[in-house]
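These protein sequence lines map, in sequence, to chains X, W and E. Position one of the first sequence corresponds to residue 1 (our numbering), numbered consecutively onward. Position one of the second sequence corresponds to residue 1 (our numbering), numbered consecutively onward. Position one of the third sequence corresponds to residue 1 (our numbering), numbered consecutively onward. Using N, Cα and C, we set each Cβ at its ideal position, and we do this for glycine too.
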Amino acid sequence: MTTVESPPDSAPSESAQRSTPTEAELAAARKRARRRASSKNWALFLLFAGPNILLILAFIYYPLISNMYYSTLDWRLGSPTADPVGMSNYIRFFTSPSGLEVWRVTAIFTAGAVIGSMVLGLLIALVLNKKIPGRTAARTAVFSPYVLSGVGVALVWMFIFDPQRGALAHILAAFGIDSPAWFLDGDWNLVMVIIVYVWKNLGYCAVVFLAGLQSIPKDLLEAATIDRAGAVRRFFSIVLPLLTPTVFFLLVTNIIFSMTNAFDILRVMTPSGNGTNTIIFEIYLQAFGQYNRAGYSAAIAVVLFFTLFIITAVQLRFVERKVHYQ
Amino acid sequence: MRNSTLSATWKGTAVFGMAALVLTACGPDTSGESAEDQVADTDWSDVEPADEITFATNHPGGSEDQENELIEQFTEETGIEVNVITSGADYEETNRWFQTGGGDNADVIVLSDATWFPNYLNGALAPVDDLLEAADVDSSGYVEALYEDYLYEDHHYGVPYARSTPLFYYNVDHFEEAGLDGAPETWEEVAEYAQTIVDEDIASYGYSFPPSNEYPAWGLANLVWGYGGGWSDEWDLSMVSSDATAEAIEFAQSGVQDGWAHVSASSQTDDFSSGVSSMTIQSTGSLGGILEAADFEVGTAFLPDGPAAEGETPTGGAGLMIASASDPEEQLAAAMFVGHMTSAESQAYFSEATGYVPSHQDADMSSVYEEQPQFETAVEQLDRARVQDHARVFLPGADLELAETLQDVLSADADVREELERVQAEFEELYETELADELE
Amino acid sequence: MSSSTDNRYPTRSRPVEPKPESHTRTNPTVDPEKKSRDQRKQLRRGTWRDAFSRRNLADTLLTGYLPILIALLIIVLPLAWMISSSFKPVNEIVTLEPSFLPNDPTLSNYETVDRRIPLLQVFQNSVIVTTVGSTIKVLLAITTAYALVFIRVPGANIIFLGILVALMVPPEVSMLPNFMTIEALGGRDTLWGIILPGLGTAFGTFLLRQHFKSLPKELFEAADLDGAGHFRKLFQIAVPVSMPAIATVTLVTVVNEWNSFLWPLIITDTRETMTLPVALNQLRSVEDDVASYGILMAGAVLVIVPMLIIFACLQRYIVAGLTQGAVK
């Protein structure tokens, strides 16, 4: 973290200072070579990086700018015509009850998903951090849902949650509990998709936490281990403070992931977005669901982009400040 | 210095200009001119049908094999090749497919009762009246209420294809056990019979209402019509909060509160066919599935009468539409194809395999009746078919709004009139933002 | 599009600087992992003895295995249920008293899936899209990252910043404009139409750039003296030393391509070009059978199990890649 190195190319003078004859020769050779190459550099750079940059411009930046333009239109998807409406799509998203509902759902989903996967992930990491045989295999298993198809995972959980034929309903029935109205009641739907998202995501948190735990100096812990009774206090007074960077990293990545990556699960489990229309899902629903509002959908997409942008910017500043303090 | 500022400005302008050009090239036209009606004055007698057309379908009711069979017949008879495209898993995806394609990716497309109207507004659908005539298809042979669904402002924009109606199902074994004789004919009798079944402890519930993901506003249209209400009266949206509509919904709500009815947790089909409840209303398309799953005798009946009107049945399912973007030659071939797919023989064949009701009056269904006598009820009931209310099928988002409201109202004790007034306000806003400027 | 593995925000908080010293000291092409194999073996033997010594046995079982077991059950049971259900006949799916294993196992669900979608074709499409897409993406990531680090041009930092910002655009945001672009190019309903828009890679570029920056400059000095060109420096020096990092990027890319759903769903029309997740989605037909779960589970098995197998074989690289940046 603190060992930020300058790129090798930018340090010719440094090596020249050490000036053994060969080093001096080397520096001179480099200098000459660079002068010759400088005109060639752009051509080379473009040869190496050009295709990728072009692709990023065409399929990430161009759509982003197009969306900013579409977001100022009242445009039904598929219609050859549209009316320019200025900022009214944005105003609608920030003031209408349905727009505010999207923010509410997004906030709850994000909070539930992030806290859920981080707390459970940390618990699992603490267990896996014990030196016991078989933990690598366990780590692999716990992580595995993270790499699976969201569509497939959602279908599996739909079957489990099904209020009548689902495994969960049968388990609840054994305890004399009626299954909640999954799929129908918006609030329960939100709970349901949070559970599935956490299930898919907690392995990621566990593995990252595990890496964080393993970077804690052993002697620090061993010194504290002598007092066995204080395991909980040891965790809160020594482990957790040392984990702060990991917690912060996970917090930010999880917030961003949960705002952007849950689409497959949401779409397959609750196709019409009843109670689960988070911002990313709303982009899809508004354009392709019942409404076909392409312009409004584009406005929401632009808002999402700037939201992510701000979260990231805040995070970068925070990290920078931390680096200075260290 | 001056020069460089100038050139920077120029560069900036050029970049923006380019961007604007590229954007307008791909995006919609914002000049305010509306799409023209291309079909209006084609002289069809001069047009030769194309020898190849594209047909986009989601194979409603799992009908891929049957569709292919019918298409083969068509190609044999006319020599016109048909490219079939599977355009999605359901009507919504098919609609999205057609819309994102700008309406020129197919000549014939399957669109549902709730998705054809936005495409009409986009100018993507050709009126079929003249086309059918030019292709020698007699539109008077269609079941009238089914064909009239596609009528808007003097033109038809589709032909009934995979059509269904709700049907009243009852558990004959339960009824016999309760000493009930025959199906209830009015909603009052439904309540009475259901109460008996619950009192005698024959089933958990007498009647199952559909949950929000089973399109409750579709089947319940029968109930609100029976009370003289509706989801709207053409574009008069105040109908949804009228006394008559409210009374109908209050009746349903009281059924749940009194315990003779419930709102199904996943689908009313499951509850009915597993014997959890004794009566329900579900699509004719579910008949096959219900007969297969049920281990009791399944009875079918007309939808119940209400206090104000005989039991009318809403219609549903999908039609075949012709794209306005296609060339006249393709449109003519498309019309011939549409005619073939909806002929009396084709519809009888299609209906037998899928459970959709035949949209052609002359379809011979006798072999089906032998196997499934219950199906005869569905076909006879078509005499009572009524075109759906504008709000549910034409107003984007309205069906969803109704579905969620009905779910809330029926399964909790929310105030019906208050909720319906909220729905009306919601409808009016939807109308204002989505449709007003295009319909007036 | 976005499965949760779509790791577009890998390391922004903590740039990866994977221990440069491990490369500098000894022969840099030797994988540092190898050195410690003996040590680890010793350590493991110690672990076994420790964990099951009389003093620790109860502790190991109670606070070690018991919670692990619970966690494993939560993770594994749903997947086991999926596999088991995919072999159940309809009446065991609808039943009110399900058993965990099928009483009367049948392949009929798989047969139904095969009848409804051309499995071989769809599977082949997924494999083609995944391999071609990943290969190009990784190659582009390598060359771009190399250029950003080793080819000095003014403004390279701004270009890198631009790539960073691109990480923040979720694919759903680009969906509609990209659809129109690809359609205008004639790529609708083609395999290249599925692949093309995803090729511009910000994630891989970012990860590899961080890695290349950490390479010791001494590595390249001999090559510089020889007057070696960038191509040689890239493919004979940078790439061989970076194989673990490249493997990581490759595997992450493969996972994302395989699971990608929304874009292939939108850009494909016919079954000749569909990928597995899209075809799986088509199994949900309009008016559902009473018990289609068996069929859906069979479909889920087909899309999930191949990835599980790949993951089981190569989990070390995948875990490292997906959690890259958080690891010190």
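CA-CA distance, residue i and residue j?
i              : j              : result
V258 (chain X) : I194 (chain X) : Sequence inspection shows Ser at residue 258 (chain X); the Val mentioned does not correspond to that position. If I take the Cα positions, the gap works out to 10 Å.
N213 (chain W) : Q407 (chain W) : 9 Å
I128 (chain E) : V151 (chain X) : 20 Å
S272 (chain X) : E97 (chain E)  : 31 Å
A154 (chain X) : F281 (chain X) : 15 Å
E370 (chain W) : A425 (chain W) : 49 Å
L199 (chain E) : L55 (chain X)  : 7 Å
V169 (chain E) : I60 (chain X)  : 7 Å
T377 (chain W) : V240 (chain W) : 29 Å
V239 (chain E) : G289 (chain W) : 59 Å
V84 (chain W)  : T57 (chain W)  : 7 Å
Quick one: what's got a C-beta closer than 6 Å to residue i's C-beta in the same chain, skipping five residues either side?
i              : result
N201 (chain X) : S117
Y204 (chain X) : Y146
A335 (chain W) : L131, L132 and A135
M158 (chain X) : M269
P163 (chain X) : A169, S179 and W182
L304 (chain X) : I279
H156 (chain W) : V128, D129 and Y150
S297 (chain X) : I283, Q286 and A287
Just checking: is the beta-carbon of residue i within a distance shorter than 8 Å of some beta-carbon in chain E?
i              : result
L190 (chain X) : no
R165 (chain X) : yes
W97 (chain W)  : yes
A114 (chain W) : no
N89 (chain X)  : no
A35 (chain W)  : Below a pLDDT of 50, predicted positions are generally treated as unreliable, and A35 (chain W), at 46, falls in that range; the measurement from the model is reported next regardless. No - not a single Cβ of chain E is within 8 Å of the one on A35 (chain W).
W103 (chain X) : no
A265 (chain W) : no
R317 (chain X) : no
Would residue i count as contacting chain X if we go by Cβ distances under 8 Å?
i              : result
N27 (chain E)  : Here N27 (chain E) scores only 42 on pLDDT, less than 50, and its place in the model should not be relied on; the value that follows carries that caveat. So, not an interface residue.
G200 (chain E) : yes
N103 (chain E) : no
E404 (chain W) : yes
E172 (chain E) : yes
Q407 (chain W) : yes
M274 (chain E) : no
Note down, in chain order, each residue of its chain lying with its Cβ closer than 7 Å to the Cβ of residue i, except the 5 sequence neighbours on either side.
i              : result
T24 (chain W)  : Residue placement at T24 (chain W) cannot be trusted, given a pLDDT of 48 that sits under 50; the coordinates are not used to answer.
E200 (chain W) : A178
S242 (chain W) : G229
D362 (chain W) : G141 and A344
To which residues of the same chain is residue i closer than 8 Å at the C-beta, ignoring the five residues directly before and after it?
i              : result
I266 (chain E) : M175 and F179
Q268 (chain W) : S208, F209, P210, P211, E214, S277, T280, I281 and Q282
H59 (chain W)  : E67 and T86
M82 (chain E)  : M297, A300, V301 and I304
W42 (chain X)  : none
A173 (chain X) : S179
V337 (chain X) : What is shown of chain X runs 1 to 326, which leaves residue 337 (chain X) out entirely.
Using 8 Å as the limit for Cβ to Cβ distance, is residue i near chain W?
i              : result
T276 (chain X) : no
Q290 (chain X) : yes
D114 (chain E) : no
I266 (chain E) : yes
V303 (chain E) : no
Thinking residue i and residue j are a contact (beta carbons under 8 Å), I'd like their distance in whole angstroms, please.
i              : j              : result
S472 (chain W) : R96 (chain W)  : As displayed, chain W neither begins before 1 nor continues past 440, which places residue 472 (chain W) out of reach and without an answer.
Y291 (chain X) : G397 (chain W) : 5 Å
L148 (chain X) : M274 (chain E) : Not really, about 19 Å apart at Cβ, beyond 8 Å.
G311 (chain W) : N222 (chain W) : 6 Å
Review point. Do the stretch 283 to 297 of chain X and the stretch 148 to 166 of chain E make contact, defined as three or more Cβ pairs closer than 8 Å?
Key: Verdict: no, contact absent.
Exercise for review: Decide if the stretch 316 to 328 of chain W is in contact with the stretch 107 to 121 of chain W; the criterion is three or more beta carbon pairs, one per stretch, under 8 Å apart.
Suggested key: yes
Check your understanding: Should the stretch 135 to 148 of chain W be regarded as contacting the stretch 339 to 350 of chain W, the criterion being three or more beta carbon pairs within less than 8 Å?
Key -> Contact between the stretch 135 to 148 of chain W and the stretch 339 to 350 of chain W is present, because at least three Cβ pairs lie under 8 Å.
Exercise for review: Take every Cβ of the stretch 291 to 305 of chain W, pair it with every Cβ of the stretch 180 to 191 of chain W, and state whether three or more of those distances are shorter than 8 Å.
Suggested key: yes
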